[in-house]
Structure formats: structure tokens, C-alpha cells
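Quick notes on the structure that follows.
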Amino acid sequence: MAALNPTPVPVDGGVPDLSAVAVAAAALGDTAPCGPGRFLAVINGDAAPHTITIATPGTVDGLAIEDLAVAVAAGKTAVFPLPRRPFAAGTGRAAITYDAVTSVTVAVLELGAQ
0 MAALNPTPVP
10 VDGGVPDLSA
20 VAVAAAALGD
30 TAPCGPGRFL
40 AVINGDAAPH
50 TITIATPGTV
60 DGLAIEDLAV
70 AVAAGKTAVF
80 PLPRRPFAAG
90 TGRAAITYDA
100 VTSVTVAVLE
110 LGAQ
């Protein structure tokens, strides 16, 4: 898994150029830091939809929390919040996998960063 690093996005007029900061999604998945103001941007440049899965390592009352799996339509961009709960593993990072990575790029954004 590749470790993604956050791109700071200032609150005051900050508009990230996702195409400039996004990197190719790793075939074996990626990890991203979780926390307040952190988001995963997924850009699907492929002609087919792709499913993005963010693992939820925790439990509630001894029951596993279902992983988040969302389809990103062809040619679309989706943004997912990365709060510590439920996504952070013991490392403080989320584990992200993709059903395929053809023409899929990703970026971790940290909103409100200076």
C-alpha cells in the first residue's frame, strides 16, 4: 500500500487544483492520515465506474463496523471525509482499496491548513 500525504488547502479562498496534486491510485491500495478536516478525493477518469472501499477497523459492542464501499461514476470526482472514527487503524491512517485503478487518481486534502 502506498502512503498518501495530505495537501494543505487554506480556508481563505483555497481552491485546490486536484489534477495538480492527485497521484495514481495504487493497485494494492493506499493509506491516508485521518482526522479533522481531512478528505480523500477520488478522480475517476475511466469510462467505467469504480468502487472505492475504506476499511473500518473498529467494532461497536463487539460487532464489526461495515466498510464504506462507494462507486464513483465514470468521469466523476468524489470526496470522502476521513474522520478518525471509524476509519483510523492503530497507525492513525485509513486503508483504502479500489476495484480497479485504471485512470483513477487520488489526493488527500487537509482543509483549513495554514
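The sequence shown: position 111 = 110 (our numbering), numbered continuously.
Virtual Cβ for every residue (Gly too), placed ideally from N, Cα, C.
CB contact flag (residue i, residue j, <8 Å)
{"i": "Ala68", "j": "Thr52", "result": "yes"}
{"i": "Arg92", "j": "Pro32", "result": "yes"}
{"i": "Ile42", "j": "Thr90", "result": "no"}
{"i": "Ala72", "j": "Met0", "result": "no"}
{"i": "Val100", "j": "Ala2", "result": "no"}
{"i": "Pro85", "j": "Gly57", "result": "yes"}
Best match in the options for proximity to residue i [C-alpha to C-alpha]
{"i": "Thr55", "options": "Leu81, Ala46, Asp45, Phe38", "result": "Leu81"}
{"i": "Gly44", "options": "Leu108, Glu65, Ala24", "result": "Ala24"}
{"i": "Gly28", "options": "Pro85, Leu17, Thr96", "result": "Thr96"}
Spatial neighbours of residue i in its chain, beta-carbon cut-off 6 Å, leaving aside the 5 residues before and after
{"i": "Gly74", "result": "none"}
Buried versus exposed call for residue i [16 or more other C-beta atoms within 10 Å across all chains shown]
{"i": "Asp98", "result": "exposed"}
Beta-carbon contacts of residue i that lie in its chain and below 7 Å, excluding the five residues immediately before and after
{"i": "Asp66", "result": "Thr52, Ile53, Ala54, Thr55"}
{"i": "Pro48", "result": "Ala70, Val71, Ala72, Ala73"}
{"i": "Ala87", "result": "Cys33, Ala93"}
8 Å Cβ shell around residue i - same chain, five flanking residues per side excluded
{"i": "Ala21", "result": "Ala40, Ile42, Thr104, Val105, Ala106"}
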